[in-house]
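Input: a single structure, listed below in structure tokens.
Residue numbers (the working numbering): 67 to 551.
Spelled out as structure tokens, the structure:
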């Protein structure tokens, strides 16, 4: 029995020993700790290897980025109505960034430029709205109230409007961004000089007289100072209306509202006494006093369909005339057109709001206004009234790239705006927008046309590659003559 227990204990000890040996063999081998200097060197080498491994990945990410958009935009093949330089049939408008670079025919388009094929279409400058509501609110900080994704803004772009005035501030309809939106503020100073308020009219005239006297005294003071005279007292302007001073100095523009002959004559008398830059809104009976208005140099904003019944008790002409714009133009007055309503909508009577601004000018054409002048009445002349005529309102090199492309004559009620460009960016595409894409959609290219364009592009790339190879290949060395003489 004792022998049996001894053997069992020996067997147990052997089993435990074998288990311990197996566990020790299963552990990974560990080297003795290295000195701190060797550890630092290994860490440095590992960091360099890791950096080398990451560099190709970064290069790969850079290569994977999409190519930058070309700064060039070319509108090719359309009839370009420049407003100031006639019509370029089958011309090209080349835009670089936010400015018009070239206008004409046979203009080379830079490689990679964004292109709009306007073949069979018309290209016009963007339309300018002298007054608007709902597009932007204007005020002291128009950029704070401008909504770049506003539905009304989209509809205005669909109507071809690229610049609009509201509450004395002018903004461009830069959809999706505020960059380049704000153009100008305080475009005019409104004056009330009506025959129905003689006391206020007399008070305003006295204030203008005081301002004019101050300017004359200041001229005498400056002249005496230039002659070297001493003990001069500078005229005091602390009690004067600063806005009126700016008007008399030509630094601001006055706005009047006048419709009747009586009010229009009163405004003319005021402008004859105090010459200044001015614009008259309304002017329903302006055709009766057009020559006198022309002599004042004031611009006039009319609504060709705004009717005013004639006064049968008068022995002179009165009331509204559809020839109002034409008569004013013949008298040398710059005429701008504005609808009776300044909001944007898809309902209501066609042409009554800014959605169809050109249709309002069409009624001026019906009254005898030349078509090229009707185009100016909704582009360049409103831009001049707003003080931005040097930037927009016509298609000229150096001006802002605000353009519209239409599928027909601008004054045809069936015409739609196909593309609207503001600051060189396409902000409206009829085919992509949800509003009018279903009405006479642009024809899509056939599969054969798509394949032809792909083959043409591939052939061009092959030709460019061959030219590059030919340029890199060194010229062949001249062969040596063999044989002896």
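Yeah, the Cβ is synthetic: ideal placement off N, Cα and C, and Gly gets one too.
Are the beta-carbon atoms belonging to residue i and residue j less than 8 Å from one another?
i, j, result
"residue 194", "residue 235", "no"
"residue 490", "residue 163", "yes"
"residue 287", "residue 264", "no"
"residue 369", "residue 424", "no"
"residue 350", "residue 365", "no"
"residue 348", "residue 323", "yes"
"residue 196", "residue 231", "yes"
"residue 469", "residue 227", "no"
"residue 259", "residue 333", "yes"
"residue 431", "residue 482", "no"
"residue 158", "residue 182", "no"
"residue 282", "residue 452", "no"
"residue 330", "residue 355", "yes"
"residue 497", "residue 513", "no"
"residue 244", "residue 280", "no"
Provide the residue(s) that pair with residue i in DSSP beta bridges, ordered along the chain.
i, result
"residue 181", "140"
"residue 322", "346"
"residue 469", "191 and 487"
"residue 297", "Its beta-bridge partners do not exist; DSSP assigns none."
"residue 166", "161"
"residue 175", "Note: residue 175 sits in no beta bridge, so no partner."
Going by DSSP in three states, residue i sits in which element: helix, strand or coil?
i, result
"residue 439", "helix"
"residue 255", "strand"
"residue 191", "strand"
"residue 67", "Reliability of the predicted coordinates at residue 67 is poor, the pLDDT of 49 falling under 50, and no value is obtained from them."
"residue 155", "strand"
"residue 425", "helix"
"residue 518", "helix"
"residue 355", "coil"
"residue 309", "helix"
"residue 149", "coil"
"residue 243", "coil"
"residue 231", "strand"
"residue 89", "With a pLDDT of only 49 at residue 89, under the threshold of 50, the placement of this residue in the model should not be trusted; the figure read from the coordinates follows. In the structure shown, residue 89 sits in a helix (DSSP, three-state: H, G or I)."
"residue 267", "helix"
"residue 363", "coil"
"residue 482", "coil"
"residue 368", "strand"
"residue 496", "coil"
"residue 250", "strand"
"residue 238", "strand"
"residue 463", "coil"
"residue 403", "strand"
"residue 381", "coil"
"residue 397", "coil"
"residue 282", "helix"
"residue 431", "helix"
"residue 212", "coil"
"residue 503", "coil"
"residue 374", "coil"
"residue 332", "helix"
"residue 337", "helix"
Please classify residue i as buried or exposed, where buried requires at least 16 neighbouring CB atoms within 10 angstroms.
i, result
"residue 371", "buried"
"residue 458", "buried"
"residue 427", "buried"
"residue 92", "With a pLDDT of only 49 at residue 92, under the threshold of 50, the placement of this residue in the model should not be trusted, and no figure is reported."
"residue 400", "buried"
"residue 440", "buried"
"residue 456", "exposed"
"residue 390", "buried"
"residue 442", "buried"
"residue 472", "buried"
"residue 240", "buried"
"residue 380", "exposed"
"residue 326", "buried"
"residue 217", "exposed"
"residue 460", "buried"
"residue 517", "exposed"
"residue 486", "buried"
"residue 220", "buried"
"residue 341", "exposed"
If residue i and residue j are in contact, beta carbons under 8 Å, what's the gap, nearest whole angstrom?
i, j, result
"residue 494", "residue 223", "4 Å"
"residue 357", "residue 292", "41 Å between Cβ atoms; not a contact."
"residue 352", "residue 254", "Contact doesn't hold; Cβ gap of about 18 Å is too wide."
"residue 179", "residue 136", "5 Å"
"residue 146", "residue 154", "4 Å"
"residue 262", "residue 462", "Residue 262 to residue 462, Cβ: 44 Å. No contact."
"residue 403", "residue 444", "6 Å"
"residue 422", "residue 225", "6 Å"
For chain D, find out if any of its Cβ atoms is closer than 8 Å to the Cβ of residue i; answer yes or no.
i, result
"residue 344", "Note that chain D does not occur in the displayed structure, where there is just one protein chain."
Consider the C-beta atom of residue i and the heavy atoms of the ligand GDP; say whether any pair is separated by less than 7 Å.
i, result
"residue 227", "Inclusion of the ligand GDP in the displayed structure is not the case, the ligand content being empty and no account of it being possible."
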